[in-house]
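Line order of the protein sequences matches chains A and B.
Heads up, the final residue of the first sequence is numbered 442 in UniProt numbering, and it's a clean run with no missing numbers.
Heads up, the final residue of the second sequence is numbered 442 in UniProt numbering, and it's a clean run with no missing numbers.
So the structure is just underneath, and the comments pick up after that.
Number of protein chains: 2
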Amino acid sequence: MRVKPIRVALLGCGTVGREVVRLLRDQADELAARAGAPVELAGVAVRRPHKHSDLGELITSDAPGLVTRDDVDVVVEVIGGIEPARTLLLEALKGGKSVVTANKALLAEDGATLAEAADASGVDLYFEAAVAGAIPLLRPLRESLAGDRITRVAGIVNGTTNFILSAMAASGSSYGDALEEATRLGYAEADPSADVDGYDAASKAAILASLAFHTRVTAADVHCEGIRSVTAADIAAAAEIGCMIKLLAICERTPAEGDTPEGVSARVYPAMIPAAHPLASVDGAFNAVFVEAEAAGQLMFYGQGAGGAPTASAVLGDLVAVARNLVGGGRGPRESAYASLPVRPMGTVATRYHVSLEVADRAGVLASIAGEFARHGVSIAAVRQTGGGNGGDAAARLVVVTHAAPEAALASTVDVLAGLDAVRAVDSVLRVEDLGRKGVAG
Amino acid sequence: MRVKPIRVALLGCGTVGREVVRLLRDQADELAARAGAPVELAGVAVRRPHKHSDLGELITSDAPGLVTRDDVDVVVEVIGGIEPARTLLLEALKGGKSVVTANKALLAEDGATLAEAADASGVDLYFEAAVAGAIPLLRPLRESLAGDRITRVAGIVNGTTNFILSAMAASGSSYGDALEEATRLGYAEADPSADVDGYDAASKAAILASLAFHTRVTAADVHCEGIRSVTAADIAAAAEIGCMIKLLAICERTPAEGDTPEGVSARVYPAMIPAAHPLASVDGAFNAVFVEAEAAGQLMFYGQGAGGAPTASAVLGDLVAVARNLVGGGRGPRESAYASLPVRPMGTVATRYHVSLEVADRAGVLASIAGEFARHGVSIAAVRQTGGGNGGDAAARLVVVTHAAPEAALASTVDVLAGLDAVRAVDSVLRVEDLGRKGVAG
Numbered sequence: 001m002r003v004k005p006i007r008v009a010l011l012g013c014g015t016v017g018r019e020v021v022r023l024l025r026d027q028a029d030e031l032a033a034r035a036g037a038p039v040e041l042a043g044v045a046v047r048r049p050h051k052h053s054d055l056g057e058l059i060t061s062d063a064p065g066l067v068t069r070d071d072v073d074v075v076v077e078v079i080g081g082i083e084p085a086r087t088l089l090l091e092a093l094k095g096g097k098s099v100v101t102a103n104k105a106l107l108a109e110d111g112a113t114l115a116e117a118a119d120a121s122g123v124d125l126y127f128e129a130a131v132a133g134a135i136p137l138l139r140p141l142r143e144s145l146a147g148d149r150i151t152r153v154a155g156i157v158n159g160t161t162n163f164i165l166s167a168m169a170a171s172g173s174s175y176g177d178a179l180e181e182a183t184r185l186g187y188a189e190a191d192p193s194a195d196v197d198g199y200d201a202a203s204k205a206a207i208l209a210s211l212a213f214h215t216r217v218t219a220a221d222v223h224c225e226g227i228r229s230v231t232a233a234d235i236a237a238a239a240e241i242g243c244m245i246k247l248l249a250i251c252e253r254t255p256a257e258g259d260t261p262e263g264v265s266a267r268v269y270p271a272m273i274p275a276a277h278p279l280a281s282v283d284g285a286f287n288a289v290f291v292e293a294e295a296a297g298q299l300m301f302y303g304q305g306a307g308g309a310p311t312a313s314a315v316l317g318d319l320v321a322v323a324r325n326l327v328g329g330g331r332g333p334r335e336s337a338y339a340s341l342p343v344r345p346m347g348t349v350a351t352r353y354h355v356s357l358e359v360a361d362r363a364g365v366l367a368s369i370a371g372e373f374a375r376h377g378v379s380i381a382a383v384r385q386t387g388g389g390n391g392g393d394a395a396a397r398l399v400v401v402t403h404a405a406p407e408a409a410l411a412s413t414v415d416v417l418a419g420l421d422a423v424r425a426v427d428s429v430l431r432v433e434d435l436g437r438k439g440v441a442g
Numbered sequence: 001m002r003v004k005p006i007r008v009a010l011l012g013c014g015t016v017g018r019e020v021v022r023l024l025r026d027q028a029d030e031l032a033a034r035a036g037a038p039v040e041l042a043g044v045a046v047r048r049p050h051k052h053s054d055l056g057e058l059i060t061s062d063a064p065g066l067v068t069r070d071d072v073d074v075v076v077e078v079i080g081g082i083e084p085a086r087t088l089l090l091e092a093l094k095g096g097k098s099v100v101t102a103n104k105a106l107l108a109e110d111g112a113t114l115a116e117a118a119d120a121s122g123v124d125l126y127f128e129a130a131v132a133g134a135i136p137l138l139r140p141l142r143e144s145l146a147g148d149r150i151t152r153v154a155g156i157v158n159g160t161t162n163f164i165l166s167a168m169a170a171s172g173s174s175y176g177d178a179l180e181e182a183t184r185l186g187y188a189e190a191d192p193s194a195d196v197d198g199y200d201a202a203s204k205a206a207i208l209a210s211l212a213f214h215t216r217v218t219a220a221d222v223h224c225e226g227i228r229s230v231t232a233a234d235i236a237a238a239a240e241i242g243c244m245i246k247l248l249a250i251c252e253r254t255p256a257e258g259d260t261p262e263g264v265s266a267r268v269y270p271a272m273i274p275a276a277h278p279l280a281s282v283d284g285a286f287n288a289v290f291v292e293a294e295a296a297g298q299l300m301f302y303g304q305g306a307g308g309a310p311t312a313s314a315v316l317g318d319l320v321a322v323a324r325n326l327v328g329g330g331r332g333p334r335e336s337a338y339a340s341l342p343v344r345p346m347g348t349v350a351t352r353y354h355v356s357l358e359v360a361d362r363a364g365v366l367a368s369i370a371g372e373f374a375r376h377g378v379s380i381a382a383v384r385q386t387g388g389g390n391g392g393d394a395a396a397r398l399v400v401v402t403h404a405a406p407e408a409a410l411a412s413t414v415d416v417l418a419g420l421d422a423v424r425a426v427d428s429v430l431r432v433e434d435l436g437r438k439g440v441a442g
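Given below as structure tokens:
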């Protein structure tokens, strides 16, 4: 057994970094027993060293110097963002250091470059903390399910938006009020765009799709819609058909059909899901991910998706894996992108839709609207009209729930509907995802 | 990259074995791409070769010969039971073959001997399929959470008993009727003892506790009670306090206290859990396991815990891991038992209790019963009396829900209660497990 300690360079010392330092110290004996060698901090690179005087000589502002130091075996990166993280990690990998990173944005934009650099040097690249915080998800996808055919990964992978949507559902409050509460409680950042516009979830979807389908999928491949336009009325409308609205990251294997080869779809948007589905009861800042595989069937993983300690737990798990490999020889699983499936454009993706219209309350309106759906090949599952009934100029509300139809066909339908004389307004168009469960109304 | 195929000897070809064969064939190209080399069947050992003529020359009845063959790299064991599995696997490990096994009984009785044999030869021993079928659970415990301190693993790990208890809760039927239905539908075996008496769950608890706490825990260390004595009245009583009855496997780290060092508790019994707890809604033959760790917080894993295809998925995942290690060098994680925590005797384990008594309906009965609880140091959380009220010789039902108390104290209390003149019968004593959630009535 190697007695030489494993030396760790930590890049970044914010909420997650502080927890990594604390766990490395508090659990030093246990980590050494599990890794087969002591795991020690060699240095911590931060932008403002004076804020971390308690770390004494470990602190440096020279990150490039730290990642190339001879006495460093592993680089742990919790800075986030594309640069300088990418340059630093590529330097580290080229220098033969293994890397553990929580950087979803970088992995989703350019994970392939990191993976190639790790391969070139024969070192490890682990990133469990990049998706769903403490929930062991990437290791199960990469390893436990390596002998199975994953068909879908769908889940709630952003705690901020889930907190906001849960609050809206619980209190009937508006998006704005719920966002304000999330900000006040520390669940949303001052600039909430990365969360509420879906970019954070899209990065995670890219990483999940890449691992699940052995295919390189980047953030740019992920169709992404956020939750800013979700209204209290939408949430009430979902409840009317026995559904909840959740911001979902969905990665699906799409079957070959005619001339179209097997492919991959990766997308993020708010969708109605059946209230009885396990994902519907995932409240607040929790994350949960459903995985479906041909032999394994349906699996669910649930836990805390963010926060200093949970994210640090995932980082430390990876760090012990790297240390075990350094002690015992061997490497963790490499990038597996052999399948190279094409990413299907959003227009071809078929889902169900919930369309809410404000229409004129007169005879023949339903017929003309139903006709437009039919003309575009979109099959209607259920229609409900409320209000109106007085004829003349009064307005009625018409809700149409469709069967699965391609996005492009639905979009054309809605375009035409919006121009109809009888349609006063298209109030909302929301997708309905059954997620493999039966029981959605309509 | 090694082009030489990885050769697999399969021991057993029942429900799981047939699926392993099918997946190895159907997914041959994908498995080769993921493992870095083709993964091929070298032979299949069964007791009655004539039943498997479709496998042609692969079939043999000579299992000992197969596991020592020079052209075999990995032995996959899906026979189950202690012998001949143990002898065969020890032969295989001594001969330098890696082993993938689904054999929970063997691992729970003598996993240490297998682990030592694997270490002596420097080969892999994987057993994801032994607990909770397709649910990736052991790899997360051994690897993802290797940098964290797990405090509790609690879950539903036996599908047969969960099916029976779900059926009883749904229909109000008796244990006997529900067992009959489970047998008819193929969820229970002709001799259901291993399931309904809790032995299967106890084996899994031993494996989970060993991994979670880095301590050797065997099936003999696990306190085990089955579900035969659970009545429709118990299930109704649970519902009265907002609970469901589930057969739980619970593995806990017990804190140091006074002269008592930190320890481990592993136990299996039917218990009331809050209906709002995620485990309460796990119905039918599904499995789900809650894991709590200091940094990660609460995690849940959910999926199919048994069946040919799900179990084969877990076996194949392990097989790809072994193959990757053979191709790339290195080994999977070894046994980690450095902590060697003492297993705490059941009598010292503190839980809450639901005690249902048939008592004489006369003044002073409650006082004398409450006095006995107090005398044994068991604090009462709630009491409810129903029936009676007519005085004289009529009987009343008294339900006592306690705060957490040591098993031994409760057992003594119940012994004394049973002897009291005012107590006609102790109808049932059931544990109440909050599982870290608040909200149990009383």
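All C-beta atoms, glycine included, are put in the ideal place defined by N, C-alpha and C.
Computed from a prediction, not measured in an experiment: that's the story for all the values here.
- Report all residues from its chain with a CB closer than 7 Å to the CB of A:K438; omit the five preceding and five following residues, and keep chain order. Its pLDDT being 37, under 50, A:K438 is placed unreliably in this model, and the value from its coordinates should be taken loosely. Correct list: empty, nothing qualifies.
- Who are the near neighbours of A:G347 in its chain, counting only those whose CB is closer than 7 Å to its CB and skipping five residues on each side? Here A:G347 has P406, E407 and A408 as same chain residues with Cβ atoms under 7 Å from its own Cβ, once five neighbours each way along the sequence are excluded.
- Could you check the C-alpha separation between B:V217 and B:F290 for me, to the nearest Å? Computed Cα separation, rounded: 19 Å.
- Counting Cβ pairs, one atom from each stretch, are 3 or more of them under 8 Å apart for the region 336-343 of chain A and the region 198-217 of chain A? Touching, yes.
- What residues from the region 125-143 of chain B come within 7 Å of chain A, judged by C-beta to C-beta, listed N to C? Within the region 125-143 of chain B, the residues whose Cβ lies closer than 7 Å to some Cβ of chain A are E128, A134, I135, P136, R139, P140 and E143, listed in chain order.
- Message: Count Cβ pairs between the region 287-306 of chain B and the region 261-273 of chain B that sit closer than 8 Å; are there 3 or more?
- Response: Too few Cβ pairs lie closer than 8 Å, so no.
- Item | Contacts around B:S309, its chain only, beta-carbon distance under 6 Å, and the 5 residues preceding and following it disregarded | It is Ala, not Ser, that sits at residue 309 of chain B in the sequence shown. The residues are E19.
- Which residues of chain B have a Cβ atom closer than 8 Å to the Cβ of A:V320, listed in chain order? Those within 8 Å of A:V320 in chain B are E143, A146 and G147.
- Query: When you compare only the Cα positions, how much space is there between A:L247 and A:V355?
  - Reply: So the two alpha carbons sit approximately 18 Å from each other.
- Query: What's the call for A:M1, buried or exposed, on a 16-neighbour Cβ count within 10 Å?
  - Reply: With a pLDDT of only 46 at A:M1, under 50, the local geometry of the prediction cannot be trusted, and the value read off the model is given with reservation. Exposed, by the Cβ-count rule.
- Query: Is the shortest distance between the beta-carbon of B:G330 and the beta-carbons of chain A less than 8 Å?
  - Reply: Closer than 8 Å to some Cβ of chain A, the Cβ of B:G330 qualifies, so yes.
- Task: Check A:A98 in the structure and name its three-state DSSP category.
- Result: Residue 98 of chain A is actually Ser in this sequence, not Ala. Strand at A:S98.
- Tell me the start and end of each unbroken alpha helix (DSSP H) in the region 277-332 of chain A that is at least 4 residues and wholly inside, in chain order. Those alpha helix (DSSP H) runs which fall completely within the region 277-332 of chain A and span 4+ residues are 308-328.
- For A:S53, is the classification buried or exposed, using 16 other Cβ atoms within 10 angstroms of its Cβ as the cut-off for buried? So A:S53 counts as exposed.
- Message: For B:Q304, would you say it is in contact with chain A, using Cβ-to-Cβ distances shorter than 8 Å as the test?
- Response: Chain A, which has a Cβ nearer than 8 Å to the Cβ of B:Q304, makes this yes.
- Query: Hey, B:E372 and B:A395 are a contact pair by Cβ (cut 8 Å); roughly how many whole angstroms apart?
  - Reply: In this structure, B:E372 and B:A395 do not form a Cβ contact; the two beta carbons are roughly 19 Å apart against a cut-off of 8 Å.
- Could you tell me which residues DSSP pairs with B:P270 in its beta bridges? As DSSP reads the structure, B:P270 sits in a beta bridge with B:L247.
- chain A residues whose Cβ lies nearer than 7 Å to that of B:P333: Correct list: R324.
- How many angstroms separate the CA atom of B:V423 from the CA atom of B:A381? Cα atoms of B:V423 and B:A381: separation of roughly 20 Å, rounded to the nearest angstrom.
- Task: For B:P310, go through chain A and note every residue whose CB falls closer than 7 Å to its CB, in chain order.
- Result: Per Cβ cutoff of 7 Å: A295, A296 and G297.
- Task: Consult DSSP for A:Y187 and reduce its assignment to one of helix, strand or coil.
- Result: Correct three-state label for A:Y187: coil.
- Message: What are the residues in the region 71-105 of chain B lying within 8 Å of chain A by C-beta distance?
- Response: Residues: none.
- Query: For B:T113, which of helix, strand or coil comes out of DSSP?
  - Reply: Reduced to three states, the DSSP call for B:T113 is helix.
- Query: Straight-line CA distance for residue 444 of chain B to B:Q385?
  - Reply: Nothing about residue 444 of chain B can be reported from this structure: the residues present for chain B run from 1 to 442 only.
- Query: Taking the alpha helix (DSSP H) that B:E372 falls in, what are its first and last residues?
  - Reply: Per DSSP, B:E372 belongs to the alpha helix (DSSP H) from V365 to R375.
- Task: Buried or exposed for B:K97, please, with buried defined as at least 16 other CB atoms from any protein chain shown within 10 angstroms of its CB.
- Result: So B:K97 ends up on the buried side.
- Task: Check whether the Cβ of A:S368 lies closer than 8 Å to any Cβ atom in chain B.
- Result: Not an interface residue.
- Task: Could you list which residues in chain A have their beta carbon closer than 8 Å to that of B:G317, in chain order?
- Result: One finds E143, S144, L145, A146, G147 and D148 in chain A with Cβ atoms closer than 8 Å to the Cβ of B:G317, taken in chain order.
- Message: Looking only at its chain, what residues have a beta carbon closer than 7 Å to the beta carbon of A:G442, apart from the 5 residues adjacent to it on each side?
- Response: The predicted position of A:G442 is uncertain, since its pLDDT is 30 and thus under 50; a value taken from the coordinates is nonetheless stated next. Here the set comprises I241, A381, A382 and V401.
- My understanding is that A:V100 touches A:L208, with C-beta atoms under 8 Å, so please give their C-beta distance in whole angstroms. Not really, about 18 Å apart at Cβ, beyond 8 Å.
- Limits of the alpha helix (DSSP H) - the one that B:R18 falls within: Looking at the DSSP string, the run of the alpha helix (DSSP H) that includes B:R18 is T15 to D26.
- Query: Does the Cβ-Cβ distance between A:L41 and A:V72 come in under 8 Å?
  - Reply: With respect to A:V72, A:L41 sits apart: the two C-beta atoms are not nearer than 8 Å.
- Message: Let me confirm a value: B:A201 is counted as buried when at least 16 other C-beta atoms fall within 10 Å, else exposed. Which label applies?
- Response: So B:A201 ends up on the buried side.
- Runs of alpha helix (DSSP H) wholly within the region 45-94 of chain B (minimum 4 residues, chain order): For the region 45-94 of chain B, whole alpha helix (DSSP H) runs of length 4 or above, ordered along the chain, are 63-67 and 85-94.
- Message: What are the residues in the region 13-26 of chain B lying within 8 Å of chain A by C-beta distance?
- Response: Within the region 13-26 of chain B, the qualifying residues are E19 and L23.
- Query: Is it true that the region 218-234 of chain B meets the region 173-187 of chain B, where meeting means three or more beta-carbon pairs spaced less than 8 Å apart?
  - Reply: Because the criterion of three Cβ pairs below 8 Å is met, the region 218-234 of chain B and the region 173-187 of chain B touch.
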